[in-house]
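With the first letter of the sequence shown counted as 1, position 21 gets the number 21 in full-length UniProt numbering; the numbers rise by one all the way through.
Heads up, the beta-carbon is just placed ideally off N, CA and C, and yes, glycines get one too.
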Amino acid sequence: MMAKKNKGFKIVPYRPEHEQALLEIERLSPQGFMVKLETVRPEFLSRAALFEDHTAFVAVGPEARVLAGVTAAQAPMRIKGELQQTGFGFDVVVDPTVRNRGIGRELATCLRKRFFEPKGLTRQFTSLRAGNLTMLNLISKSYRNTFLYEFLYLTFPTARTIRVENTAIGEPIFNVSLLSDSDKLSDYYEVTESGLGLWHTHQVYQFKVKSVNPVLSGGLWLGNRFIRTNKYVPLVGSMLKTTTIYNLTQDNIHTLPEVSLQLYKQGINYMQICCQPSDAVYHALQKSALNAFSHYIVGTKELNPDEPLTLDVRCL
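This is the structure in structure tokens:
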């Protein structure tokens with residue numbers, strides 16, 4: 001495969017010798033605003049390796065300096081009850097000293113031409129925090145048409161009891177599930193007797209609190225949807241270990257308080273649940289949530305928010 005030259009850098013397939021440089025770039029690129037979080041994981045491909053088919057590319061400059069990286073996978077998605085194979089791009093990291101040079105756009109184009117299109121993955125997407133305008137702009141320049149589908153991350157501290165306001169939620173339109181039965185995933189999830197799935201995100205990556213805005217010293221954690229006063233503002237240097245809930249239904253939502261307590265006893269300090277904005281799941285759980293962060297599925301084909309959609313938990 002030929003490396004693509006452009007503006008003083010070239011795009012090459014990921015190799016093990018790129019590993020430490022990519023992890024260092026990720027460390028230098030904390031997420032968040034009021035609370036800045038540094039991603040901590042054993043390998044740059046920790047998420048990608050969980051998919052049956054994945055790839056990664058790296059942008060290198062003079063003297064083989066690693067400037068940026070990106071990963072992608074073939075990911076299943078269930079749309080209106082039909083299982084489809086899609087192209088999922090994620091974990092884009094660009095060295096802060098070389099941003100705004102078109103490197104991210106070239107990486108996105110590389111994924112499309114070298115991985116998605118050869119495999120016939122016409123539906124391509126990524127997941128973005130609503131405030132990530134830089135990445136949204138990058139994608140819009142890399143693709144002729146892009147469409148947004150909004151959903152929320154609800155975060156719950158396991159040290160506090162979850163209250164389920166109404167268990168008669170009906171079947172959610174937006175769902176999260178594990179759409180794979182690969183044996184290599186067995187160490188990353190468990191399913192309770194009620195059918196509730198627990199995806200141990202903390203085994204794939206964790207977040208280290210790098211800084212906390214002084215305005216939070218009084219106990220406020222700012223979310224995109226609302227502000228809640230409590231004592232669960234994380235301490236600088238602390239590690240956030242999270243489990244993601246999937247297969248949430250009307251029949252098992254009432255088991256969440258028990259699940260949260262068990263996670264707390266195991267040293268997992270946060271639990272997250274994804275739902276649509278203002279749907280029945282949101283209303284049942286939002287009073288116990290620490291925050292609610294808006295995210296978008298940004299894709300090459302439109303998704304109707306009124307029609308059933310199931311996202312693979314590995315894409316969160």
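Span of the beta strand (DSSP E) around residue i
i	result
residue 169	Premise fails: residue 169 is in no beta strand (DSSP E) and is neither H nor E.
residue 109	Run containing residue 109: none in the beta strand (DSSP E); it sits in the alpha helix (DSSP H), 103-111.
residue 309	309-312
residue 332	The structure shown does not extend to residue 332, since the chain is modelled only from 1 to 316, so the question has no answer here.
residue 295	291-299
residue 197	197-199
residue 246	242-246
residue 190	189-191
residue 208	206-212
Residue i, buried or exposed, once every other Cβ within 10 Å from all chains shown has been counted against 16
i	result
residue 64	exposed
residue 172	buried
residue 89	buried
residue 316	buried
residue 307	exposed
residue 168	exposed
residue 272	buried
residue 230	At residue 230, the pLDDT of 44 sits below 50, so the modelled position is not reliable and the matter cannot be decided from this model.
residue 335	Residue numbering for the chain in the displayed model covers 1 to 316; residue 335 lies beyond these limits and cannot be assessed.
residue 219	At residue 219 the pLDDT is 48, less than 50, meaning the model places this residue with poor confidence; the figure from the coordinates comes in the next sentence. With fewer than 16 other Cβ atoms within 10 Å, it is exposed.
residue 209	buried
residue 26	buried
residue 15	exposed
residue 227	Residue placement at residue 227 cannot be trusted, given a pLDDT of 38 that sits under 50; the coordinates are not used to answer.
residue 176	buried
residue 234	buried
residue 297	buried
residue 221	Because the pLDDT of residue 221 is 46, which lies under 50, any placement of that residue in the model is unreliable, and the question is left without a value.
residue 247	buried
residue 122	exposed
residue 312	buried
residue 106	buried
residue 95	buried
residue 5	Here residue 5 scores only 47 on pLDDT, less than 50, and its place in the model should not be relied on; the value that follows carries that caveat. Residue 5 comes out exposed.
Closest by C-alpha distance to residue i, when choosing among the options
i	options	result
residue 142	242, 112 and 46	112
residue 260	314, 40, 182 and 160	160
residue 20	13, 32 and 43	43
residue 194	54, 258, 144 and 175	258
residue 61	310, 53 and 99	99
residue 155	274, 267, 29 and 280	274
residue 185	30, 35, 47 and 11	47
residue 157	203, 13, 302 and 287	287
residue 302	41, 145 and 85	145
residue 254	101, 264 and 281	281
residue 86	109, 290, 37 and 119	119
residue 7	97, 130, 40 and 101	101
residue 28	290, 289, 207 and 266	207
residue 214	236, 189 and 202	236
Delimiting residues of the alpha helix (DSSP H) encompassing residue i
i	result
residue 260	256-265
residue 318	Outside the modelled stretch of the chain, which goes from 1 to 316, sits residue 318, for which no answer is possible.
Residue i vs residue j beta-carbon contact at 8 Å
i	j	result
residue 18	residue 152	no
residue 241	residue 205	no
residue 284	residue 166	yes
residue 70	residue 91	yes
residue 51	residue 73	yes
residue 178	residue 199	yes
residue 197	residue 268	no
residue 93	residue 22	yes
residue 263	residue 243	yes
residue 57	residue 103	no
residue 305	residue 276	yes
| request: Run through the UniProt domain "N-acetyltransferase" (12-163) for me and flag every whole alpha helix (DSSP H) of 4 or more residues, listed as ranges in chain order. | output: 19-27, 103-111 and 133-142
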